[in-house]
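Participant: One structure follows; several queries about it will come next.
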Amino acid sequence: MADAGFFKGTSADQDRRFSDKELKLLKTMKFPPEFEKKVDMRKVNLSVIRPWIVKKVVELVGFEDEVVVEYAMGLLEDDSQPTPDPRRMQINLTGFLTNSTPAFMSALWKLLLEAQDSPAGVPRTFVEEKKEEMRQAKAGDVRAIEERDRRAARQWLGCKRRASWSPSSAPVYFPISTTSFPASPQTALALPLQRT
């Protein structure tokens with residue numbers, strides 16, 4: 001007859017064949033110690049992190065892979081979980097970045113930890129890089145200004161020297177107009193020399 005309202009057999013949770021593979025990987029893999037620290041993504045400015053992710057993916061994969069970038073950003077921007085698990089992220093990104101995933105995740109997580117501690121949500125590393133870039137640009141501007149000043153000084157000295165010349169040492173020019181151009185070089189040599 002009836003079996004009193006319960007099912008016979010095992011459920012997927014009880015069967016070892018259907019166990020959670022991600023959970024097994026989490027137990028067997030080794031992760032860096034900084035993964036123990038949580039990052040609140042609400043404190044991080046993701047618009048600054050995105051270009052870094054794009055640049056890093058291009059370095060690791062060899063081309064700009066929008067799927068990987070969007071997937072990584074999706075893992076970070078998940079509204080249901082404001083503190084993502086870096087270990088699960090690393091496992092999920094391994095299929096795309098293969099052997100480079102641990103280095104990528106370690107660098108990304110360090111940046112996220114820095115950004116979380118920053119009042120603007122920008123990693124301190126990015127701020128230092130921008131300062132260095134501005135210093136180099138300023139040094140380049142200073143060199144350009146110095147070069148411009150040197151050229152102006154040379155030009156001024158050249159004008160000063162020309163002003164001290166006597167009229168007899170001035171160069172001689174042929175008076176040629178566009179309307180009376182000589183027909184041959186012999187006629188040009190026959191023209192009288194005039195000082196201008």
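Residue 168 in UniProt numbering sits at position 168 of the sequence shown; the count goes up by one each step and never skips. Just so you know, even glycine gets a beta-carbon here, dropped at the ideal spot from N, CA and C. None of these values were measured; they are calculated from a predicted model.
I need the straight-line Cα distance from L23 to F126, nearest angstrom please.
Facilitator: Position 23 of the sequence shown holds residue 23. Position 126 of the sequence shown holds residue 126. Looking at the two C-alpha atoms, the distance is approximately 34 Å.
Participant: According to DSSP, simplified to helix, strand and coil, what is M29?
Facilitator: For this step, residue 29 is matched to residue 29 along the sequence shown. Residue state, collapsed to three classes: coil.
Participant: Taking 8 Å as the cut-off, is the CB of T101 close to at least one heavy atom of the ligand SAH?
Facilitator: The ligand SAH is absent from the structure shown, which contains no ligand whatsoever.
Participant: Quick one: which unbroken beta strand (DSSP E) runs of 3-plus residues sit fully inside the UniProt domain "PWI" (28–129)? Chain order, please.
Facilitator: none
Participant: Using the rule of at least 16 other Cβ atoms within 10 Å of the residue's Cβ for burial, across every protein chain shown, is L97 buried or exposed?
Facilitator: Position 97 of the sequence shown, counting from 1, holds the residue named residue 97. Classification of L97: buried, given that the 10 Å Cβ count is 16 or more.
Participant: Alpha carbons only, please: which of G121, P84, D117, A120 is nearest the one belonging to residue 251?
Facilitator: Outside the modelled stretch of the chain, which goes from 1 to 196, sits residue 251, for which no answer is possible.
Participant: Would you report the Cα separation of R154 and V44, rounded to the nearest angstrom?
Facilitator: If you number the sequence shown from 1, residue 154 lands on position 154. If you number the sequence shown from 1, residue 44 lands on position 44. Approximately 54 Å, taken between the alpha carbons.
Participant: Mind the definition here: the region 118–137 touches the region 71–79 only if three or more C-beta pairs lie below 8 Å; say whether that holds.
Facilitator: With the cut-off at 8 Å, the region 118–137 and the region 71–79 do not touch.
Participant: Do the CB positions of A115 and I49 come within less than 9 Å of each other?
Facilitator: Start at 1 with the first residue of the sequence shown, and residue 115 comes out as number 115. Start at 1 with the first residue of the sequence shown, and residue 49 comes out as number 49. Yes, these two residues count as a Cβ contact at 9 Å.
Participant: May I ask you to verify whether the region 29–46 touches the region 107–114, counting CB pairs closer than 8 Å and requiring at least 3?
Facilitator: yes
Participant: Expressed to the nearest angstrom, what Euclidean distance is found between the alpha-carbon atoms of L157 and I53?
Facilitator: Taking the first residue of the sequence shown as 1, we reach residue 157 at position 157. Taking the first residue of the sequence shown as 1, we reach residue 53 at position 53. Distance between the alpha carbons of L157 and I53: 54 Å.
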